[in-house]
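Here is the structure we will look at.
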Amino acid sequence: MVAHRTTPASRARRYAALLGALAVLLLVTPLTAGGASAEEDAPTTMTVAVAQTPDSLSPFLGQRLITTNIYRLIYEHLTAYDQATNEPIGAIAESWEFSDDGLTWTYHLREDLTWSDDQPLTADDVVWTFTTMMEDEGAATANGNFVENFESVTAPDEHTVVIELSQPQATMLALDVPILPRHIWENVEDYGAFHNDTEFPIVGSGPFILTEYEPEQFIRLEANPDYWRERETEGFDEIVFRFYTEQDAMVEALRTGEVSLLTLPLTPAQAASLEGEPNIAINNATGKRFFGFTINPGAQTVDGEEFGDGHPALRDQEVRTAIMHAIDRDALVERVEGGFAEAAHGYIPSRYDDYHWEPTDEQRIDYDPELANQILDEAGYETGDDGVRVSPDGDRMALRIHVHADRPNYVQTADFLAQWLGEIGIEAEVLPVAEVGDALTAGEYDLIFTGWNVNPDPDYVLAIHRCDALPREEGGSMQSDAYFCDEEYDELYERQAAETDPAARAETVRQMQEILYESAVVNVLSYPNAVEAYRSDQIASIQVQPDPGGNIWGQDGHWSFWSAQPAAPRPEGAGNSPLLWIGVGAAVVVAAGLGVLLWRRRSSATADDRE
Numbered sequence: 001m002v003a004h005r006t007t008p009a010s011r012a013r014r015y016a017a018l019l020g021a022l023a024v025l026l027l028v029t030p031l032t033a034g035g036a037s038a039e040e041d042a043p044t045t046m047t048v049a050v051a052q053t054p055d056s057l058s059p060f061l062g063q064r065l066i067t068t069n070i071y072r073l074i075y076e077h078l079t080a081y082d083q084a085t086n087e088p089i090g091a092i093a094e095s096w097e098f099s100d101d102g103l104t105w106t107y108h109l110r111e112d113l114t115w116s117d118d119q120p121l122t123a124d125d126v127v128w129t130f131t132t133m134m135e136d137e138g139a140a141t142a143n144g145n146f147v148e149n150f151e152s153v154t155a156p157d158e159h160t161v162v163i164e165l166s167q168p169q170a171t172m173l174a175l176d177v178p179i180l181p182r183h184i185w186e187n188v189e190d191y192g193a194f195h196n197d198t199e200f201p202i203v204g205s206g207p208f209i210l211t212e213y214e215p216e217q218f219i220r221l222e223a224n225p226d227y228w229r230e231r232e233t234e235g236f237d238e239i240v241f242r243f244y245t246e247q248d249a250m251v252e253a254l255r256t257g258e259v260s261l262l263t264l265p266l267t268p269a270q271a272a273s274l275e276g277e278p279n280i281a282i283n284n285a286t287g288k289r290f291f292g293f294t295i296n297p298g299a300q301t302v303d304g305e306e307f308g309d310g311h312p313a314l315r316d317q318e319v320r321t322a323i324m325h326a327i328d329r330d331a332l333v334e335r336v337e338g339g340f341a342e343a344a345h346g347y348i349p350s351r352y353d354d355y356h357w358e359p360t361d362e363q364r365i366d367y368d369p370e371l372a373n374q375i376l377d378e379a380g381y382e383t384g385d386d387g388v389r390v391s392p393d394g395d396r397m398a399l400r401i402h403v404h405a406d407r408p409n410y411v412q413t414a415d416f417l418a419q420w421l422g423e424i425g426i427e428a429e430v431l432p433v434a435e436v437g438d439a440l441t442a443g444e445y446d447l448i449f450t451g452w453n454v455n456p457d458p459d460y461v462l463a464i465h466r467c468d469a470l471p472r473e474e475g476g477s478m479q480s481d482a483y484f485c486d487e488e489y490d491e492l493y494e495r496q497a498a499e500t501d502p503a504a505r506a507e508t509v510r511q512m513q514e515i516l517y518e519s520a521v522v523n524v525l526s527y528p529n530a531v532e533a534y535r536s537d538q539i540a541s542i543q544v545q546p547d548p549g550g551n552i553w554g555q556d557g558h559w560s561f562w563s564a565q566p567a568a569p570r571p572e573g574a575g576n577s578p579l580l581w582i583g584v585g586a587a588v589v590v591a592a593g594l595g596v597l598l599w600r601r602r603s604s605a606t607a608d609d610r611e
């Protein structure tokens, strides 16, 4: 041990530390009105580190991964997915049947369901939610594809919902639409502009109630005591999602016990650094998401009005194909993902073997820079004196790669892409940004990184590439993340949506992936493993989906958070709620009045990934 000389400055620092410790002690052991300690009554809190902030708290609008996960915690759907098998199970509806022609679906709702404000949840709420999406364009922004085929939604009584379809629909047990309370929402004037972020608590029907939200800081959810589904064991009283701007900071927060769970997939280096750490458990699950990038084929509205500044040469399918021949997927998996991913081509991850597609040997666009150069040469893209190609129209082949700045593995992947594109005469500039969504919406990009979680039913991720998913106006909201539009693809989408034979539908879905692949607009690089980590001294157990081998974050339901058990005894200071941090800040002010600076609060910002 090294001895240090005591100085006035060091004594001051010690006094400051004592004051800080005293402030924290007072805050983690609050007093009751009668003066007795209320530590035994303190809520158990799971603190979850996240990099995204919600794009909207309105289920009519929100599409980000963090957003849809929050929805599943505060709102119920008609049906859910089994935590072990991913098969459809009851939620608001406890049973259902359909007509022989598949055009009439009747759902029987659970009785005695209530909203979190104690108002009854009835068939009227279900009818209102779906009908509003059918009739109001703003309300259909996020999930409109689910109701496009609906002819009518009616309620013969308060516990029965009947949906009439114009043609059979394969997703009737996978309608991933949060059901909303009519008595709260029916007076909203503009569903396309209302973000549901002004009044708390938010009225819902799920296992948790959203009680606090500070943009770019935290979201706080409290367990719903009246939730209909019973827990087998005692769970957490509240969940706090705390936002971080840097992934390494999230890992450090887990290491110190500041947070209970990390949501971002760990990089290989991060996973290695946590391996063997006391009280940290790592879950290495088969991924349910794809990771890749899209190439701007020319941004346009649904009416064909062009906008943005994507490089004009990228409208040439031969150029896009050459770009893909320049990329070594296997090298990325090995050198960036450390083997914690699967090199990929098809749009639907291999975890879903019913729908997964792989190109044939003749179809594969594999790493072949010699072929890439040959394609560009034959297409008339001549190499200039500086080594950069020029298009037949005289446009220098200089491209931008927009990438999430907060994802180290994304940035590293972008650097490799830039290097490989240079080898085929394309200059590429890597642009790490806080939000890739801004460039996407404006159509001001050339290559942009993307990734989506895929549900057991793939309809939603297929729907975002229909022509109708394009924005209605320049810079407007849209489902698409690629400006992809293909008539044959749209026809196949309608066919799979109406196909009730599972094998026939799966074949159609594979044909759609083939079109996406050969167009080289939507380009999948890998299926990353869900390498997650949590504090075992804060979380005694937590459900994965599917079970076994599944993931914690981005589930098709609320199973992880609702079934998680807090560890006992709860570590002092672990998983503190935002109120504690605010309280610490107040104690700092007091200490500052004594001339001591004790604390500097960390700020947070958003990360945009529409997974």
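Here the sequence shown stands for residues 1 to 611, numbered as in UniProt numbering. For each residue, glycine too, the CB sits at the ideal point set by N, CA and C. Since we're looking at a predicted model, the values are computed, not measured.
Whole-angstrom distance between residue 536 and residue 30, CA atom to CA atom = For residue 30, the pLDDT reaches just 36, beneath the cut-off of 50, and the residue's location in the model is therefore unreliable, although a value from the coordinates is still provided. Going from the Cα of residue 30 to the Cα of residue 536 covers about 25 Å.
inquiry  = For residue 113 and residue 126, I'd like the C-alpha separation in whole angstroms.
reply    = Distance between the alpha carbons of residue 113 and residue 126 is about 12 Å.
ask   = Between 130, 189, 308, 529, which lies nearest to residue 162 when the distance is taken from Cα to Cα?
value = Nearest option by C-alpha distance: 130.
inquiry  = Quick check on the burial criterion: 16 or more other C-beta atoms within 10 angstroms. Buried or exposed for residue 25?
reply    = Residue placement at residue 25 cannot be trusted, given a pLDDT of 35 that sits under 50; what the coordinates show is reported in the next sentence. Exposed, by the Cβ-count rule.
task = State the CB to CB distance for the pair residue 390 and residue 382, rounded to an integer number of angstroms; the pair is presumed to be in contact (CB under 8 Å).
result = Between residue 390 and residue 382, the beta carbon gap of about 6 Å places them in contact (Cβ cut-off 8 Å).
query = Could you give the C-beta distance for residue 174 and residue 88, rounded to a whole number, given that I count them as a contact under 8 Å?
reply = Going by Cβ atoms, the distance from residue 174 to residue 88 rounds to 7 Å, so yes, they are a contact pair.
ask   = Whose CA, out of 481, 455, 320, 456, lies closest to the CA of residue 467?
value = If we check each option's Cα against that of residue 467, 481 comes out closest.
ask   = Which word fits residue 651, buried or exposed, when buried means at least 16 other C-beta atoms lie within 10 angstroms of its C-beta?
value = In this structure the chain extends from 1 to 611, so residue 651 is not present and cannot be described.
message = Below 8 Å, how does it come out for the segment 519 to 532 and the segment 285 to 293: are there three or more Cβ pairs, yes or no?
response = With a cut-off of 8 Å on Cβ pairs, the segment 519 to 532 is in contact with the segment 285 to 293, counting three or more such pairs.
query = Can you round the beta-carbon distance between residue 123 and residue 158 to whole angstroms, since I take them to be within the 8 Å contact cut?
reply = Right, the Cβ-Cβ distance comes to about 5 Å (below 8 Å), so this counts as a contact.
Residue 73 to residue 180 span [Cα, whole Å] = Residue 73 and residue 180: Cα-Cα distance of roughly 13 Å.
ask   = Residue range of the alpha helix (DSSP H) that residue 445 falls in?
value = Looking at the DSSP string, residue 445 is not in any alpha helix (DSSP H), and its letter there is neither H nor E.
request  = Spatial neighbours of residue 57 within its chain, please: CB distance less than 8 Å, with the 5 preceding and 5 following residues excluded, ordered by chain position.
outcome  = Once the five neighbours on either side are set aside, the close Cβ partners of residue 57 are 67, 70, 195, 196, 197, 202, 210, 213.
inquiry  = Quick check on the DSSP output: the alpha helix (DSSP H) that includes residue 512 runs from which residue to which?
reply    = From DSSP, the alpha helix (DSSP H) with residue 512 extends over 502 to 519.
ask   = residue 608 to residue 438, Cα distance in whole Å?
value = Low per-residue confidence applies at residue 608: pLDDT is 35, beneath 50, and the placement is therefore not dependable enough to give any value.
request  = Find out if the Cβ-Cβ distance for the pair residue 241, residue 48 is shorter than 9 Å.
outcome  = Yes; because the gap between Cβ atoms is below 9 Å, this pair is in contact.
task = List the whole-angstrom C-beta distance separating residue 142 from residue 63, where the pair is believed to meet the contact cut-off of C-beta under 8 Å.
result = Confirmed, Cβ separation roughly 5 Å.
task = Rounded to whole angstroms, what's the CA-CA distance from residue 60 to residue 128? Just pull it up for me.
result = Spanning the two alpha carbons is a distance of roughly 13 Å.
request  = Give every residue of the same chain whose Cβ lies closer than 6 Å to the Cβ of residue 432, excluding the five residues on either side of it in the sequence, and list them in chain order.
outcome  = 403, 405, 411, listed in sequence order.
task = Quick one: residues in its chain with C-beta nearer than 7 Å to the C-beta of residue 184, no 5 flanking neighbours on either side, listed in chain order?
result = Taken in chain order, the residues that qualify are 203.
task = Would you mind stating whether residue 286 and residue 351 have Cβ atoms separated by less than 9 Å?
result = Cβ atoms of residue 286 and residue 351: closer than 9 Å.
request  = Kindly indicate the opening and closing residues of the beta strand (DSSP E) around residue 370.
outcome  = Here residue 370 belongs to no beta strand (DSSP E); instead the alpha helix (DSSP H) covers 369 to 378.
message = Is it the case that the segment 236 to 254 contacts the segment 265 to 281, given that we only count it when at least three CB pairs across the two stretches are under 8 Å?
response = Segment contact: the segment 265 to 281 against the segment 236 to 254, three or more CB-CB distances shorter than 8 Å; contact assigned.
ask   = Should residue 419 go down as buried or exposed, given a rule of 16 or more other Cβ atoms within 10 Å for buried?
value = So residue 419 counts as exposed.
request  = Grab the span of the beta strand (DSSP E) containing residue 289 for me, first residue to last.
outcome  = It spans 289 to 295 - the beta strand (DSSP E) in which residue 289 sits, taken as one unbroken run.
request  = Identify which residue in 508, 440, 262 has its Cα closest to the Cα of residue 50.
outcome  = Residue 262 is the option with its Cα nearest to residue 50.
request  = Go to residue 123, then tell me how far its alpha helix (DSSP H) extends in each direction, as first and last residue.
outcome  = Residue 123 -> alpha helix (DSSP H) spans 123 to 135.
ask   = Ordered along the chain, which non-local residues of its own chain (more than five positions away) have a Cβ less than 7 Å from that of residue 478?
value = Once the five neighbours on either side are set aside, the close Cβ partners of residue 478 are 469, 470, 471.
query = Should the segment 312 to 327 be regarded as contacting the segment 370 to 380, the criterion being three or more beta carbon pairs within less than 8 Å?
reply = Using a Cβ-Cβ distance cut-off of 8 Å, the segment 312 to 327 and the segment 370 to 380 are in contact, since at least three pairs of beta carbons, one from each stretch, lie closer than that value.
message = For residue 573 and residue 45, what's the separation of their Cα atoms in angstroms?
response = Only weak support exists for where residue 573 lies, its pLDDT of 48 falling under 50; the value from the coordinates is given anyway. When rounded, the distance between both Cα atoms is 11 Å.
query = What are the boundary residues of the beta strand (DSSP E) that residue 341 is part of?
reply = Going by DSSP, residue 341 is part of the beta strand (DSSP E) stretching over 341 to 343.
ask   = For residue 357, does the three-state DSSP call read helix, strand or coil?
value = Here residue 357 sits in coil by DSSP.
query = Excluding five sequence neighbours on each side, which residues of the same chain lie with their C-beta closer than 7 Å to the C-beta of residue 238?
reply = Cβ neighbours of residue 238 beyond the five flanking positions: 43, 45, 220, 221, 222, 223, 577.
ask   = If you run the structure through DSSP and keep just helix, strand and coil, what is residue 146?
value = It is helical.
ask   = Taking buried to mean at least 16 other C-beta atoms within 10 Å of its own C-beta, is residue 135 buried or exposed?
value = Exposed, by the Cβ-count rule.
task = Would you kindly work out how many angstroms separate the C-alpha atoms of residue 550 and residue 544, rounded to a whole number?
result = If you take the alpha carbons of residue 550 and residue 544, they lie about 5 Å apart.
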